[in-house]
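Written below as structure tokens is the structure these notes are about.
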Amino acid sequence: RIPNNNVLDVAQKRKRFKTEAMKSFNINGTTLSVALYTDVTNSKELLESMQAGTLEPEVAFLNALLIPDIFPVLAAAHKTLVAKSRDSLTTRTLHSELVYNYSGSKHITESLKRCGISDSTTCILAARFDASPDEIKAIGKLINGKEIDLEELEGRANQSQIQKIYKISSSELGVSSLADAITCRIAARDAL
406 RIPNNNVLDV AQKRKRFKTE AMKSFNINGT TLSVALYTDV TNSKELLESM QAGTLEPEVA
466 FLNALLIPDI FPVLAAAHKT LVAKSRDSLT TRTLHSELVY NYSGSKHITE SLKRCGISDS
526 TTCILAARFD ASPDEIKAIG KLINGKEIDL EELEGRANQS QIQKIYKISS SELGVSSLAD
586 AITCRIAARD AL
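Structural data, given as structure tokens:
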């Protein structure tokens, strides 16, 4: 038999479980914490807060339908950290730089619109560099949606939209994966 005060503990553990699903990746000593959300209902408010610079904590929101795998995001994160170490960020913040680097474009506004969120985005990948446990909880509270496992990225990715945005031909996909094709474009963007 469970005493009544344990019901609250169970509810708190369930709430904590939601934010504990955020996964962290080590990129040269810096962590990138990421979480995938679906059925998001407050994209417009998130976008407005980002544009006003009032989003707390600062976080990168990417359109998850353009992400077939976490690897290209990690490549973009690495590129972002290299730019930071050289004091050469192209955008105003570290987290907008991540969205910019994920895109294959050199145009900042186009990149943020294309790969970031819009008013109607319902599937979001949230990413934060060096997130504290409190910041991870705060990110979970910012987003009105259901957190799901990162393994679901591939199944949710819109392949035709990705191919169009990154100009990936069907013949290229015959010898490469979608994630590898995006990663190549992220790595080569500045050289083109």
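Take the sequence shown: its letter number 45 is residue 450 in the numbering used here, and every next letter is one higher.
C-beta atoms are modelled at their ideal positions from N, C-alpha and C, and glycine is treated no differently.
Small disclaimer: the values here were computed from a predicted structure and weren't measured.
In the structure shown, residue 435 falls within a strand segment according to DSSP collapsed to helix, strand and coil. Per DSSP, the unbroken alpha helix (DSSP H) holding residue 546 starts and ends at 538–547.
Distances from the alpha-carbon of residue 465 to those of 493, 498 and 488 put 498 closest. Nearest to residue 537 by C-alpha distance, out of 434, 438 and 433, is 438. Between residue 520 and residue 445, the CB-CB gap reaches or exceeds 8 Å. In this chain, the beta strand (DSSP E) harbouring residue 465 covers 465–468. Per DSSP, residue 518 is one residue of the alpha helix (DSSP H) stretching across 513–520.
Rounded to whole angstroms, the Cβ separation of residue 549 and residue 447 is 4 Å, and the two are in contact under 8 Å.
The beta carbon of residue 460 is closer than 6 Å to those of 454 in its chain, skipping five residues each way along the sequence. For the 8 Å CB-CB criterion, residue 440 and residue 531 form a contact. The C-beta of residue 588 has 16 or more other C-beta atoms within 10 Å across all chains shown, which makes the residue buried. Separation of residue 581 and residue 545 (C-alpha to C-alpha, rounded to the nearest whole angstrom) is 35 Å.
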